[in-house]
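Sequential numbering from 2 applies to the sequence shown in my numbering. Glycine residues also receive a C-beta, built at the ideal position from the N, C-alpha and C atoms.
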Amino acid sequence: MSTDPTFKDWPCIGLPEAILADRAELLGHQIENLEKNFAIRIENTPAYRGDLKSIVERYFRTIQAEFKPYAPGVVQAIKEKKRGGKDYRLDATLTVKEFTQIILNSVLIYNNTHELSSYDRDIDMPTDLPCIPIHLWNWGIQNRTGKLRSASEKAIYIALLPRTDGTLSELGLKVFGVFYNCKELIERGLLHRKSASRQRPKFKVAYDPANAEKVYIFHSEDHSDYWEAQLSNRSREFRGCSFWEVWQVQLEQKITRSRYKINANLARADLEQRNEDIIEKAISSRPSTQKSNAQRLSSIRNNRNQAITEEREDLKKSTQIQSSQNAKVTDNIIPISGIKKAEDEESTLLIPTYYESLFDEDDN
């Protein structure tokens with residue numbers, strides 16, 4: 002059997018009126034959404050009351066007894082390593098997917114072949130009806146009136162998805178640091194933030210942890226209607242990823258930023274120290290003067306012109322040094338005969354004789 006059972010193996014055709022489950026398994030926001038949207042009553046058994054679900058509790062042990070003798074790395078009550086034996090953890094072989102397939106196959110075999118020897122039969126049940134779960138189910142669907150209700154598979158899927166808050170910005174809806182867009186957000190102008198409003202609007206969002214390329218935005222107060230939002234081009238680095246992979250990438254990026262932030266802080270501290278040294282040196286080398294404030298202010302223009310002249314002289318010297326270095330390099334280059342002449346002729350042809358007249362000032 003595969004991990005995807007057929008309708009023949011598992012003829013599930015509707016939603017029940019109530020679901021009885023262990024307290025830990027069906028507690029959370031997802032199951033509350035299922036209860037609210039589809040009017041399903043959720044019944045959780047009290048803690049430490051395995052007798053209220055004895056068939057399920059007992060079959061957990063029965064399933065394990067069927068594959069434990071053949072599966073390496075089975076968990077044992079006491080580690081044999083303490084007694085000088087081999088650690089069972091070193092023999093672990095099954096992956097989560099393979100273990101899930103074993104459990105699912107065991108459930109399907111039980112549902113299709115196990116006979117309920119103590120089943121309380123009704124008076125109208127035929128004698129040729131075996132007391133096997135799937136046969137009892139199929140007979141009950143045809144001969145008993147029930148409260149099974151049909152619903153859209155996608156609606157149930159979205160109702161069971163985990164939910165979180167998404168924040169709107171000009172880049173799109175931000176969910177876990179990832180941006181999403183949809184035509185409804187654009188058409189309603191929700192991405193255009195008003196200057197008077199400082200608080201960013203939020204939406205409740207349903208997401209599939211296995212697929213980070215799509216989220217579902219609930220825009221109504223009762224969370225009954227939704228929009229499908231696709232991954233924005235701003236977050237294209239997460240295409241084809243799950244949210245678990247997104248969170249892993251974000252963690253690695255955060256570690257990288259923290260590491261380089263330390264280097265940036267050290268560099269900034271070094272910059273501040275250098276600036277302080279330059280300023281202190283400038284203050285200590287400032288000449289003392291007996292001039293009045295008015296005289297000092299009047300000489301600002303002359304001092305600025307002198308500084309500009311000195312800067313130009315320094316630039317001129319550096320240009321001359323660079324030119325001499327380039328000349329030394331060109332001395333070692335052997336020119337190819339004819340190329341220089343052709344270049345001169347080509348440049349002469351490209352420049353018209355009236356080139357300078359184009360930039361003459363108009364006398365009129």
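Local conformation of residue i per DSSP, three classes
i, result
"residue 143", "helix"
"residue 281", "helix"
"residue 90", "helix"
"residue 219", "strand"
"residue 9", "coil"
"residue 18", "coil"
"residue 296", "helix"
"residue 169", "strand"
"residue 244", "helix"
"residue 232", "strand"
"residue 192", "coil"
"residue 149", "coil"
"residue 313", "helix"
"residue 209", "strand"
"residue 43", "strand"
"residue 161", "coil"
"residue 227", "strand"
"residue 261", "helix"
"residue 177", "coil"
"residue 116", "coil"
Buried/exposed call for residue i, threshold 16 Cβ in 10 Å
i, result
"residue 242", "buried"
"residue 186", "buried"
"residue 35", "buried"
"residue 267", "exposed"
"residue 183", "buried"
"residue 97", "exposed"
"residue 40", "exposed"
"residue 316", "exposed"
"residue 300", "exposed"
"residue 170", "exposed"
"residue 208", "buried"
"residue 206", "buried"
"residue 247", "buried"
Cut-off 7 Å between Cβ atoms - residues of its own chain near residue i, not counting five sequence neighbours on either side
i, result
"residue 279", "none"
"residue 181", "173, 174, 216, 230, 231, 232, 233"
"residue 236", "179, 180"
"residue 269", "none"
Expected contact under 8 Å - CB spacing of residue i and residue j to nearest Å
i, j, result
"residue 27", "residue 20", "7 Å"
"residue 203", "residue 168", "5 Å"
"residue 176", "residue 239", "In fact, because the Cβ distance is near 11 Å, the residues do not count as touching under 8 Å."
"residue 213", "residue 244", "5 Å"
"residue 68", "residue 103", "5 Å"
"residue 152", "residue 16", "6 Å"
"residue 10", "residue 109", "5 Å"
"residue 134", "residue 112", "5 Å"
"residue 22", "residue 45", "6 Å"
Same chain, Cβ closer than 8 Å to residue i, five either side skipped, listed in chain order
i, result
"residue 228", "183, 185, 186, 217, 218, 220"
"residue 309", "none"
"residue 125", "144"
"residue 132", "116, 117, 118, 120, 122"
"residue 30", "163, 164"
"residue 1", "Residue 1 lies beyond the stretch modelled for the chain, which goes from 2 to 365, so this question has no answer here."
"residue 1", "Because the chain in this structure spans residues 2 to 365, residue 1 falls outside the shown range and cannot be described."
"residue 290", "297"
6 Å Cβ shell around residue i - same chain, five flanking residues per side excluded
i, result
"residue 18", "148"
"residue 12", "none"
"residue 42", "19"
"residue 64", "107"
- Say whether the stretch 153-171 touches the stretch 130-140, bearing in mind that this needs 3 or more beta-carbon pairs closer than 8 Å, one atom from each stretch. The answer is no - the stretch 130-140 does not touch the stretch 153-171, with fewer than three Cβ pairs under 8 Å.
- Examine the Cβ distances between the stretch 253-261 and the stretch 216-223 and report whether three or more of them are shorter than 8 Å. Output reads no: the stretch 216-223 does not touch the stretch 253-261.
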